[in-house]
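Visitor: Heads up, the sequence shown is in our numbering, so the first residue is 60 and it goes up one at a time. Glycine is no exception: its CB is placed at the ideal position from the N, C-alpha and C atoms. Quick caveat: nothing in here was measured; it's all calculated off a predicted structure. Dropping a structure here in structure tokens format, bear with me for questions.
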Amino acid sequence: MAKQDENEELNYLKQIIALIPGNIYWKNKDGVYLGCNDNVRQIFKKFGDTIVGKTNYDFMSKEEADELATFDESVFAGGKPKSREEIGYDKYGEKAMYLSDKIPLRNQRNEIVGLIGIAMDITELKAKEKALQEAKEGAEAANRSKSDFLAMMSHELRTPLNAIMGMAQILKGYKFSKEQQEYIDIIFTSGKNLLTLINDILDFTKLEAGRLEFTSESFGLREVIEETVTSLSVIAREKDLDLLVDYEYDVPTQVCGDAGRVRQIIVNLLNNAIKFTKHGNILIAVNYVGMHDDQIVLQIAVTDTGMGIPKGKLDVIFERFTQVKTEEHRKYDGVGLGLAITKQLVETMGGTISVHSQEGCGTTFYCDIPFVPVDESTTISDILTDEQIKQLNILIIDDNAIRSKVLSHQLINDKTKALPGKEALKVIDSVNDVAGQYDVVILDQQITSATSQETIKRIRQNKYLENSILVMLIEPTSLPKKRQLLMSGVNSLLVKPVQATDLNKAIVAQLAKRNEHMVLSEEINFTGTKILLIEDNEVSQQVAAMMLKSFGCKVSVASTGAQALALLENTFDLIFIDISLPDISGIEIVERYLAKHPDNKMPFIALTAHVAKADQQECLDAGINEVMTKPLFKEKLIATLNKYIAK
């Protein structure tokens, strides 16, 4: 009975081996086949009824058999199963790809006496894998081609746009009728809108293709935010909007991350807020959220007092090419890419973005972004190194309650009192002893509940306040009256929006030298500055030359590389060089010149319509000091001249 059971089990085992998909065989250490399943028999049937007692040398070339024998030996030597992909034959005699597992075969004494081989035909899978890989490479190539095409189009579009915006900026400097000035403003604004669209499309395409570059380096987050807010303040002032920054005390000012992308996120959100806000304030607040995976998570929130977003549209506003289609929103231009790009930037940096809005009551966008902490980071309280400020009695006179609150927050001073104009006058008049005096008075020029001039007069007439440091917050349009304001009793003038660092510096400066007035920026005057402009495009050449000459610069022009190399034998204060010249590239010109003049002290500024980081890095590697992207803006030119020309 036991013998019968053994025979039955053996019969079952033979059936199982015969029916298992794939090729199964076993052989001894000499490579002699001891048995196999039906699949293997089908493959080798042309060599006889059985492979038992034969080796690979009976079926294939010596080279193929040697290679298989070497692998078998490695299995015996290692004593462990091994897998690999290998070439074999199918039952039709065609070459096929197999995934082969070879397992040491042991006797009862645990000695290796041979191996068992199990091979699965993966020819079809490999063909599909190859097709998928080719499809992936094709898609990646298509994405690269699309990105390259858009980059080229961006370059081509920027050249005529440079002329349009440049000439508009030049014309804005001339006296025209009000109607003509409006026409010029329309040209300039439309050019800026087109430039934004070009940048958005280029960025979005790079994000989709995974080719948008991100950096990680230490930078001043507070500085980036304040600079960005200041740069957009002119647009906000045109709509009589206040831009305010509220940077929490416990938030580091130095972090490690991508400053450029953070700036881009803030610009997108602020532009969006300015566009859809008719009156009131736009507040950018920075708060500490917590630590996550050794990174510090900070929240940058942008709140406006605009028209808000309908509840039903909150779920789709981050989708590409999506706009809110209410009657009010239709009045504003755009293609619906700004928020989509912002969302992708935030998420690519490992953060999240959300929105809270109520139609008619404003909107807040929250960006929680992780940064790598910097050991030597400083907080706002670190910036206020002069402990005197914390001990001062400070009075803020401003009808804008939100700005007063932000200013009080910036000063980190428990003794600060903030009042609207009418109430402030009563407090000023009531100061009748030393205990009630104020060391610093911060006065908004545009208070409506009382005139700023009357307020200044009352302060200076009070013998307990006559020596108070008086800081006035003004609009840029008041700069021409700066001398008049300073002579009226004001110690320092700060242009709105006022940043905490500027306010701190103004107070510290006045504490150090109470009787000196704040020195404002000098008028734009670079008379006699010698500039070499190397530019082949005639229109771009005229625009840049006219701008530089309007600052008082003496401009020499070269249209080709050959002319540039000749003129470079002369001495200039600054050289602006277009990279794409017809005969010699701008980079090659710089390299040739620096090779000949290794002690050169003349700064080179590259002018280019290429915005790719690799192109700009190539310029810097060649010895160029700075890269300016077209179209040229008057403010950027002035900043560059200030940076490189000693006054």
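If you reduce the DSSP assignment to three classes, tell me which class T312 lands in.
Guide: Here residue 312 is taken as the residue at index 253 of the sequence shown, counted from 1. Note: T312 maps to coil in three-state DSSP.
Visitor: Compute the distance between the beta-carbons of F377 and A399, then report whether it is under 9 Å.
Guide: Taking the sequence shown and counting its residues from 1, one reaches residue 377 at position 318. Taking the sequence shown and counting its residues from 1, one reaches residue 399 at position 340. In contact: F377 and A399 (Cβ atoms closer than 9 Å).
Visitor: Rounding to the nearest angstrom, what Cα-Cα distance links K706 and T699 in this structure?
Guide: For the purposes of this step, residue 706 is taken as residue 647 along the sequence shown, with counting starting at 1. For the purposes of this step, residue 699 is taken as residue 640 along the sequence shown, with counting starting at 1. Because K706 sits at a pLDDT of 48, beneath the cut-off of 50, its placement in the model cannot be relied upon, and the point is left open.
Visitor: Under DSSP, the beta strand (DSSP E) around E144 begins and ends at which residues?
Guide: Stepping through the sequence shown from its first residue, residue 144 is reached at position 85. Start and end: 141 to 148.
Visitor: Between I646 and the rest of its own chain, which residues show a CB-CB distance below 7 Å, the 5 nearest in sequence each way excluded?
Guide: Position 587 of the sequence shown, counted from the start, is the residue given in the question as residue 646. Closer than 7 Å at Cβ, skipping near neighbours: I638, E677, C678, A681.
Visitor: So does the stretch 488 to 496 actually touch the stretch 518 to 526, counting three or more Cβ pairs closer than 8 Å?
Guide: Judged by Cβ distances under 8 Å, the stretch 488 to 496 makes contact with the stretch 518 to 526, as three or more pairs qualify.
Visitor: Applying the 10 Å Cβ sphere with the 16-neighbour rule, what's the burial state of V431?
Guide: Walking along the sequence shown from the start, residue 431 turns up at place 372. Classification for V431: exposed.
Visitor: Pull up the distance between the alpha-carbon of P163 and that of I177, whole angstroms please.
Guide: The count along the sequence shown starts at 1 and reaches residue 163 at position 104. The count along the sequence shown starts at 1 and reaches residue 177 at position 118. Spanning the two alpha carbons is a distance of roughly 12 Å.
Visitor: Between which two residues does the beta strand (DSSP E) holding P165 run?
Guide: The residue you call residue 165 lines up with position 106 of the sequence shown. Per the sequence presented here, residue 165 reads as Arg, with Pro not at that position. 154 to 165 is the extent of the beta strand (DSSP E) around R165.
Visitor: Can we count L552 as close to the ligand FMN, meaning its CB is less than 8 Å from some heavy atom?
Guide: In the structure shown, the ligand FMN is absent, as is every other ligand, since no ligand is present at all.
Visitor: How about C420: is its C-beta nearer than 9 Å to some C-beta of chain B?
Guide: Protein chains in the displayed structure number just one, and chain B is not present.
Visitor: Determine the direct distance from the alpha carbon of K121 to that of Q74, and round the result to whole angstroms.
Guide: Locating residue 74 in the sequence shown gives position 15, counting from the first residue. Locating residue 121 in the sequence shown gives position 62, counting from the first residue. Their Cα atoms are separated by approximately 34 Å.
Visitor: Return the first residue and the last residue of the alpha helix (DSSP H) that L280 is part of.
Guide: For the purposes of this step, residue 280 is identified with residue 221 of the sequence shown, where counting begins at 1. Note, L280: alpha helix (DSSP H), 280 to 297.
Visitor: What did DSSP end up calling T586 once you bin it into helix, strand or coil?
Guide: Start at 1 with the first residue of the sequence shown, and residue 586 comes out as number 527. It is coil, neither helix nor strand.
Visitor: Distance check for A559 and D305, CA to CA, integer angstroms please.
Guide: Walking along the sequence shown from the start, residue 305 turns up at place 246. Walking along the sequence shown from the start, residue 559 turns up at place 500. D305 and A559: Cα-Cα distance of roughly 9 Å.
Visitor: Under the three-state reduction of DSSP, which class applies to T423: helix, strand or coil?
Guide: Here residue 423 refers to the residue found at position 364 when the sequence shown is read from its first residue. Strand at T423.
Visitor: CA-CA distance, I442 and D458?
Guide: If you number the sequence shown from 1, residue 442 lands on position 383. If you number the sequence shown from 1, residue 458 lands on position 399. Because I442 sits at a pLDDT of 43, beneath the cut-off of 50, its placement in the model cannot be relied upon, and the following sentence gives the value as read from the coordinates. The alpha-carbon atoms of I442 and D458 are separated by roughly 28 Å.
Visitor: Once DSSP output is grouped into helix, strand and coil, what is the label at I368?
Guide: In the sequence shown, counting from the first residue as 1, residue 368 sits at position 309. Looking at I368 - three-state DSSP - the assignment turns out to be coil, as it is neither helix nor strand.
Visitor: For a quick check, are the C-beta atoms of K298 and T248 less than 9 Å apart?
Guide: Taking the sequence shown and counting its residues from 1, one reaches residue 298 at position 239. Taking the sequence shown and counting its residues from 1, one reaches residue 248 at position 189. Result no, Cβ atoms of K298 and T248 do not sit closer than 9 Å.
Visitor: Assuming L27 and Q323 are in contact, meaning their beta carbons sit under 8 Å apart, how far apart are those beta carbons, in whole angstroms?
Guide: Because residue 27 is not part of the residues shown, which for the chain are 60 to 706, the question remains open.
Visitor: Suppose you measure from the CA of Q228 to the CA of K693; what does that come to, to the nearest Å?
Guide: In the sequence shown, counting from the first residue as 1, residue 228 sits at position 169. In the sequence shown, counting from the first residue as 1, residue 693 sits at position 634. If I take the Cα positions, the gap works out to 7 Å.
Visitor: Kindly list the residues whose CB is nearer than 8 Å to the CB of Q354, restricted to its own chain and excluding five residues on each side of it in sequence; keep chain order.
Guide: Translated into the one-based positions of the sequence shown, residue 354 becomes position 295. Correct list, in chain order: G409, P429, F430, V431, P432.
Visitor: Classify R389: buried if its beta carbon has 16 or more other beta carbons within 10 angstroms, exposed otherwise.
Guide: Residue 389 sits at position 330 when you count from the first residue of the sequence shown. Residue placement at R389 cannot be trusted, given a pLDDT of 47 that sits under 50; what the coordinates show is reported in the next sentence. Its Cβ having fewer than 16 others within 10 Å, R389 is exposed.
Visitor: Whole angstroms are fine: how far does the CA of D244 sit from the CA of F18?
Guide: With the chain covering only 60 through 706, there is no way to say anything about residue 18.
Visitor: Between which two residues does the beta strand (DSSP E) harbouring I453 extend?
Guide: One-based indexing of the sequence shown puts residue 453 at position 394. Its beta strand (DSSP E) spans residues 453 to 456.
Visitor: Beta-carbon separation of I648 and G611 under 9 Å?
Guide: As a working mapping, residue 648 is identified with position 589 in the sequence shown. As a working mapping, residue 611 is identified with position 552 in the sequence shown. The answer is no: Cβ separation not under 9 Å.
Visitor: Helix, strand or coil for D108, going by three-state DSSP, please let me know.
Guide: Indexing the sequence shown from 1 puts residue 108 at position 49. Coil at D108, not helix or strand.
Visitor: Which of helix, strand or coil does DSSP assign to N221?
Guide: Counted from its first residue, the sequence shown places residue 221 at position 162. Helix.
Visitor: In the DSSP assignment, what residue or residues form a beta bridge with N346?
Guide: To locate residue 346, count along the sequence shown from 1; it is residue 287. Bridge partners of N346: Q358.
Visitor: Pick from Q313, D309, G107: whose alpha carbon is nearest that of I284?
Guide: For the purposes of this step, residue 284 is identified with residue 225 of the sequence shown, where counting begins at 1. If we check each option's Cα against that of I284, Q313 comes out closest.
Visitor: Taking contact to mean at least 3 C-beta pairs separated by less than 8 Å, is the stretch 450 to 469 in contact with the stretch 326 to 342?
Guide: Verdict: yes, contact present.
Visitor: Could you name the residues of the same chain whose beta carbon sits closer than 7 Å to that of L254, not counting the 5 residues immediately before and after it, in chain order?
Guide: Locating residue 254 in the sequence shown gives position 195, where the first residue counts as 1. Same-chain partners within the cutoff: L220, P690.
Visitor: Go through its chain and collect everything with a Cβ distance to L624's Cβ below 8 Å, but skip five positions before and after it.
Guide: Translated into the one-based positions of the sequence shown, residue 624 becomes position 565. Contacts found: I643, I648, R651, Y652.
Visitor: With a threshold of 8 Å, are at least 3 pairs of Cβ atoms found where one atom belongs to the stretch 530 to 540 and the other to the stretch 493 to 504?
Guide: Result yes; three or more Cβ-Cβ pairs closer than 8 Å.
Visitor: From I593 to Q622, what distance separates their C-alpha atoms?
Guide: As a working note, residue 593 is residue 534 in the sequence shown. As a working note, residue 622 is residue 563 in the sequence shown. Cα-Cα distance, rounded: 9 Å.
Visitor: Can the beta-carbon of N115 be found closer than 9 Å to that of N98?
Guide: Taking the sequence shown and counting its residues from 1, the one referred to as residue 115 is at position 56. Taking the sequence shown and counting its residues from 1, the one referred to as residue 98 is at position 39. No.
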